[in-house]
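Enquirer: Can you keep this structure in mind? I'll have questions shortly.
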Amino acid sequence: MGQRLKYISIYRISIIVWMALKFLIQIFWFEKRHRIWDQDTKRKWEEMLAKQAEEYRKKAVLLGGLLIKFGQFLSSRGDLLPQSFIKELEGLVDRVEPVPFKYSKQTIEEDWNAPLDEYLSNINEDSIASASIGEVYKAHLQDGTPVAVKVQRYRVRDTFRMDFKALKIVFWMLDKLTIYGKKADLPALYREVVRVISNELDFTMELENGNHFKKRFADFEDVYIPDYYSDLSTKRVLVMEWIEGTKITDLSFIKKHEIDREKIARTLFDLCVEQFLYAGMFHSDPHPGNLMLREDGTVVVIDFGMVGEIRNEDANSIRKMIQGFILDDYDRVIESLQEMDFLLPDADTEKVKKLLKQTTDMYLDGNFDKLDAHMMNDMLGDLQEFVKEQPIQLPADYAFLGRATSIIVGVLTSVYPQIDLIKWGRPVIKEWMSGEASSFSLYKEIAKETARPLLSLPRALVEYLEDGDKEREWKSYHQKNHLFHQYYLFYTFFSLVIAGIGAAALYYTFIVPVLPTVWIGGILSGVGVLGFLVSSFNHLRMLKRIHHNRRNEG
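First residue of the sequence shown? That's 39 in the working numbering, and the numbers climb one at a time after it.
Below you can see the structure in the form of C-alpha cells.
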C-alpha cells in the first residue's frame with residue numbers, strides 16, 4: 039500500500055508541504071518562547087534543527103524522488119541553512135531500494151524499440167547501484183564487450199513533477215511567512231532547483247557532459263573518462279564503458295597494488311585545478327564513489343549527471359575580486375560580487391565591505407603555513423555563516439563549486455595526509471591570477487605588486503584619521519609596522535624610478551649634448567640615489583628594531 043501511495047500526487051504533496059509547515063511552526067514557537075539567546079537556548083535550538091533535519095532525511099529515504107536530490111542541493115547551501123541542518127543532510131546518500139528489473143527492462147525496450155537480446159548478449163538483473171533517478175546494471179554487448187547500463191527509475195519523471203509542485207508551495211510559504219522572503223530571491227532559487235535537477239532527468243545531457251570531459255582531459259595521462267555508446271543512449275537509458283576498479287579512497291587497494299599515494303593526490307589536484315579555477319564545466323559531485331582507481335594508478339571519473347559551469351566573464355570577475363583583496367580595494371571586491379549576481383539588490387554594500395575587511399584581516403593574522411581539511415572546513419563554515427547573515431545569495435553553480443571543493447579537500451587528505459595545499463597551490467594561484475600566459479599579463483602582475491604600497495598607504499592613513507574611537511592612535515603595533523613597511527617599500531621603489539629617469543637623461547646627453555638635460559639628469563639621479571639610500575637605511579633600522587623587540591618578547 040505504501041509503495042502505491044508514493045505515486046499519488048495529493049499524498050506526496052501533502053506529506054512534503056505538511057513537513058515544511060510543521061518546521062516553520064516549530065521555529066516560530068521556539069522564537070516566541072525563547073527571548074534571551076544564552077548558551078542553553080542555542081543548544082536547544084541546535085537540537086531542534088537536528089531533529090528536523092533527521093525527519094527530513096527519513097522522509098526523503100521513504101519517498102525518494104526530489105526530496106533526496108533537493109536534500110543534496112540544500113547541503114551545499116550554507117547561505118540558506120544552519121550548519122546543524124546541513125550536517126545531517128550531508129549523510130543523505132543517494133541510494134534507495136532498487137526497483138524490480140521488469141520495470142527497467144520495459145524502459146530499455148521501449149527506448150530501443152527492440153528486445154534486449156537484439157543488442158545485449160546478457161544483463162545482470164541485480165543492479166550494482168540504485169539511486170533516486172537511475173539504476174545501474176552490468177551487461178555485455180553482442181560482441182562480448184562489458185558495459186554499464188544506467189536506466190531511469192520507474193515513474194521517476196511523474197514523481198519529480200509532483201514534487202516540484204509541492205516545492206513551489208513550500209517556497210511560496212517561505213516567501214510570505216519568513217524573513218527569507220526579504221533576504222533571498224526565492225523565485226530565482228526555485229528556478230535554479232528545477233533547472234539543476236531537471237537536467238539530471240535527461241540522460242542525453244549526461245552523455246554530452248561525459249563526451250565533453252573526455253575531450254577536455256584527453257591530455258591528462260593519469261586520468262581516464264569512460265567511453266559512451268551514443269547509438270544505444272536515450273533520455274532514459276545510458277550505456278557506457280564498464281570500468282574495473284575501486285573507490286579512490288580504498289587504501290588497501292592502493293597498498294596491494296603499490297600505487298604512489300602522492301602521485302594519486304597530485305593527479306586529482308591538477309584535475310580539480312583545471313576544473314575549479316578556469317572557465318568551463320566542472321564535476322559538481324566528486325565524492326569517492328564517482329572517483330575510481332585502476333590497478334595501474336589511473337584515476338577514472340564517472341557520473342556526469344551533476345555538473346556546474348564557470349562562465350568566462352565570472353572567472354575574470356573572480357580574479358578581479360581577489361585582486362581587490364590583495365590591494366585592499368573592497369570597492370573592487372563589491373563590484374565583482376555584483377557582476378556575478380552574488381549581492382541582492384537591497385544589499386548594504388558599505389556594511390558588506392566592512393565585514394569582508396574584518397573577516398579578511400582576521401584570517402591574514404592567522405597561520406596558513408599548513409592548510410588541511412580541518413582548516414578548510416572551518417574556513418568554509420565561517421564563509422557560510424557570513425554569507426547566511428548578509429544579503430548574499432550564491433548562484434547554484436557556485437554553491438556546488440564550494441561543496442565540490444570541500445569534498446575534494448577531504449578526498450585529497452584521505453589519500454595523502456601529508457599534502458601541503460598551500461605549497462601546491464601557490465604557483466597555481468600565481469599563474470591563474472595573471473590570466474592568460476602572456477608577457478603583457480606578467481607585466482600587469484608586476485605593476486600590481488609594485489602599486490600595492492602606493493594604493494594601501496593612503497587607505498591606511500584615511501582609516502587612521504577616521505578612527506576617532508582610539509583618539510587617532512594606531513590600532514595595533516602590528517598594523518603600524520605593516521604601514522611603515524609599505525611606506526618604505528614604495529619610496530625606495532619611487533627613488534629608484536627617479537634615479538633611473540635621471541640616468542636616462544644623462545645617457546641622452548651623450549647622443550645629443552644639451553646643457554639643461556645634463557643638469558636635470560644630474561639632479562634627478564642625485565635625488566633618486568639619496569632617496570634610495572635614506573629609505574633603505576630607515577627601512578633596515580625599522581626591521582632591526584622589530585627583530586630586537588621580538589627577541590625581547592621571547
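All residues carry an ideal CB built from backbone N, CA and C; glycine is no exception.
I'd like the span of the beta strand (DSSP E) that includes Gln-190, first residue to last.
Expert: For the purposes of this step, residue 190 is taken as residue 152 along the sequence shown, with counting starting at 1. 184–190 is the span of the beta strand (DSSP E), which, as asked, contains Gln-190.
Enquirer: Name the DSSP beta bridge partners of Asn-160, please?
Expert: Taking the first residue of the sequence shown as position 1, residue 160 is located at position 122. DSSP lists His-178 as partners of Asn-160.
Enquirer: Apart from the five residues on each side of it in sequence, which residues of its chain come closer than 6 Å, Cβ to Cβ, to Ile-54?
Expert: In the sequence shown, the residue the question calls residue 54 occupies position 16. Within the same chain, Ile-54 has close Cβ partners Ala-204.
Enquirer: Could you check the C-alpha separation between His-321 and Leu-306 for me, to the nearest Å?
Expert: Residue 321 sits at position 283 when you count from the first residue of the sequence shown. Residue 306 sits at position 268 when you count from the first residue of the sequence shown. One C-alpha to the other measures close to 12 Å.
Enquirer: Do you know whose CA, among Val-277, Thr-336 and Asp-323, lies nearest Glu-296's CA?
Expert: The count along the sequence shown starts at 1 and reaches residue 296 at position 258. Closest option to Glu-296, Cα to Cα, is Thr-336.
Enquirer: Buried or exposed: where does Gly-182 fall if 16 or more other Cβ atoms within 10 Å of its Cβ makes it buried?
Expert: Taking the first residue of the sequence shown as 1, we reach residue 182 at position 144. It counts as exposed.
Enquirer: On the DSSP letters alone, give me the boundaries of the alpha helix (DSSP H) that Ile-292 sits inside.
Expert: For the purposes of this step, residue 292 is identified with residue 254 of the sequence shown, where counting begins at 1. Counting along the chain, the alpha helix (DSSP H) containing Ile-292 begins and ends at 289–294.
Enquirer: Alpha carbons only, please: which of Lys-176, Val-311, Ala-58 and Phe-108 is nearest the one belonging to Ile-467?
Expert: On the sequence shown, residue 467 is found 429 positions in, with the first residue counted as 1. It is Val-311 whose Cα lies nearest to the Cα of Ile-467.
Enquirer: In this structure, what does DSSP give as the bridge partners for Thr-272?
Expert: Looking up residue 272 in the sequence shown gives position 234. Paired residues: none, contrary to the question.
Enquirer: Using CA coordinates, which residue listed in Ile-360, Ile-48 and Asp-334 is at the minimum distance from Leu-394?
Expert: Your numbering for residue 394 matches position 356 in the sequence shown. Taking only the C-alpha atoms, the option nearest Leu-394 is Ile-360.
Enquirer: Based on the DSSP output, what are the partners of His-321 in its beta bridges?
Expert: On the sequence shown, position 283 is the one that residue 321 refers to. In the DSSP output, where bridge partners are listed per residue, His-321 has Val-345.
Enquirer: Just the Cα atoms here: how many angstroms apart are Phe-198 and Phe-255?
Expert: Taking the sequence shown and counting its residues from 1, the one referred to as residue 198 is at position 160. Taking the sequence shown and counting its residues from 1, the one referred to as residue 255 is at position 217. Each residue's Cα considered, the two are about 33 Å apart.
Enquirer: Could you say which of Arg-370, Met-344 and Asp-379 lies nearest to Glu-388 if we only look at CA atoms?
Expert: Numbered from 1 along the sequence shown, position 350 holds the residue referred to as residue 388. Checked all of Arg-370, Met-344 and Asp-379; the closest Cα to Glu-388 is Arg-370.
Enquirer: Is it right to say Glu-511 is buried, meaning 16 or more other beta carbons lie within 10 angstroms of its own, or is it exposed?
Expert: Counted from its first residue, the sequence shown places residue 511 at position 473. With a pLDDT of 47 at Glu-511, under the threshold of 50, the modelled position of that residue is not reliable, and the figure given next carries that caveat. Answer is exposed; the Cβ neighbour count stays below 16.
Enquirer: Which of the three DSSP states, helix, strand or coil, is assigned to Leu-331?
Expert: For the purposes of this step, residue 331 is identified with residue 293 of the sequence shown, where counting begins at 1. In this structure, Leu-331 counts as strand in the three-state DSSP scheme.
Enquirer: Determine the burial state of Lys-188: buried for a count of at least 16 other Cβ atoms within 10 Å of its Cβ, exposed for fewer.
Expert: To locate residue 188, count along the sequence shown from 1; it is residue 150. Result: buried.
Enquirer: In the structure shown, what three-state DSSP assignment does Gly-283 receive?
Expert: Along the sequence shown, read from residue 1 onward, the residue named residue 283 stands at position 245. If DSSP states are grouped into helix, strand and coil, Gly-283 belongs with coil.
Enquirer: Please report how far the alpha carbon of Ser-47 lies from the alpha carbon of Asp-201, in whole angstroms.
Expert: For this step, residue 47 is matched to residue 9 along the sequence shown. For this step, residue 201 is matched to residue 163 along the sequence shown. The straight-line gap from Cα to Cα measures roughly 8 Å.
Enquirer: Sorted by chain position, which residues of the same chain lie with C-beta nearer than 7 Å to Asp-78's C-beta, five sequence neighbours on each side aside?
Expert: Within the sequence shown, the letter at position 40 stands for residue 78. Contacts found: none.
Enquirer: Could you give the distance in angstroms between the alpha-carbon of Tyr-175 and the alpha-carbon of Lys-358?
Expert: As a working mapping, residue 175 is identified with position 137 in the sequence shown. As a working mapping, residue 358 is identified with position 320 in the sequence shown. If you take the alpha carbons of Tyr-175 and Lys-358, they lie about 47 Å apart.
Enquirer: In the DSSP assignment, find the beta strand (DSSP E) that holds Val-311 and state where it starts and stops.
Expert: For the purposes of this step, residue 311 is taken as the residue at position 273 of the sequence shown. Val-311 -> not in any beta strand (DSSP E); alpha helix (DSSP H) instead, spanning 299–314.
Enquirer: Assuming Val-338 is part of the beta strand (DSSP E), what are its boundary residues?
Expert: Along the sequence shown, one-based indexing puts residue 338 at 300. Per DSSP, Val-338 belongs to the beta strand (DSSP E) from 337–339.
Enquirer: Can you give me the C-alpha to C-alpha distance between Ile-356 and Val-447, rounded to a whole angstrom?
Expert: The count along the sequence shown starts at 1 and reaches residue 356 at position 318. The count along the sequence shown starts at 1 and reaches residue 447 at position 409. Whole-angstrom Cα-Cα distance: 20 Å.
Enquirer: So, with DSSP's three-state summary, where would you put Val-234?
Expert: For the purposes of this step, residue 234 is identified with residue 196 of the sequence shown, where counting begins at 1. Val-234 falls in the helix class under three-state DSSP.
Enquirer: Below 8 Å on the Cβ atoms is my contact criterion, and I expect Trp-280 with Pro-184 to pass it. Report the Cβ-Cβ distance as a whole number of Å.
Expert: Here residue 280 refers to the residue found at position 242 of the sequence shown. Here residue 184 refers to the residue found at position 146 of the sequence shown. Sure, about 4 Å apart at Cβ, within 8 Å.
Enquirer: When the Cα atoms are used, what is the spatial distance from Tyr-141 to Glu-148?
Expert: As a working note, residue 141 is residue 103 in the sequence shown. As a working note, residue 148 is residue 110 in the sequence shown. Straight-line Cα distance between these residues: approximately 11 Å.
Enquirer: Could you tell me if Asp-458 is buried or exposed, where buried requires 16 or more neighbouring beta carbons within 10 angstroms of its beta carbon?
Expert: Counting from one through the sequence shown, the residue named residue 458 turns up at place 420. That one is exposed.
Enquirer: What's the gap between the Cα of Pro-153 and the Cα of Val-275?
Expert: Within the sequence shown, residue 153 is the residue found at index 115, counting from 1. Within the sequence shown, residue 275 is the residue found at index 237, counting from 1. Approximately 14 Å, taken between the alpha carbons.
Enquirer: Closer than 7 Å: is that where the CB of Arg-464 sits relative to any heavy atom of the ligand HEM?
Expert: As far as ligands go, the structure on display features none, and thus does not contain the ligand HEM.
Enquirer: On a Cα-Cα basis, can you pick out the residue from Asp-240, Ala-353 and Val-261 that is closest to Glu-333?
Expert: If you number the sequence shown from 1, residue 333 lands on position 295. The residue with the shortest Cα to Cα distance from Glu-333 is Val-261.
Enquirer: Could you tell me which residues DSSP pairs with Met-86 in its beta bridges?
Expert: As a position in the sequence shown, residue 86 is number 48, starting the count at 1. Bridge partners of Met-86: none, in fact.
Enquirer: Going by alpha carbons, who is nearest to Tyr-45 out of Arg-95, Gly-103, Ala-88 and Ile-65?
Expert: Counted from its first residue, the sequence shown places residue 45 at position 7. Nearest of Arg-95, Gly-103, Ala-88 and Ile-65 to Tyr-45, Cα basis: Gly-103.
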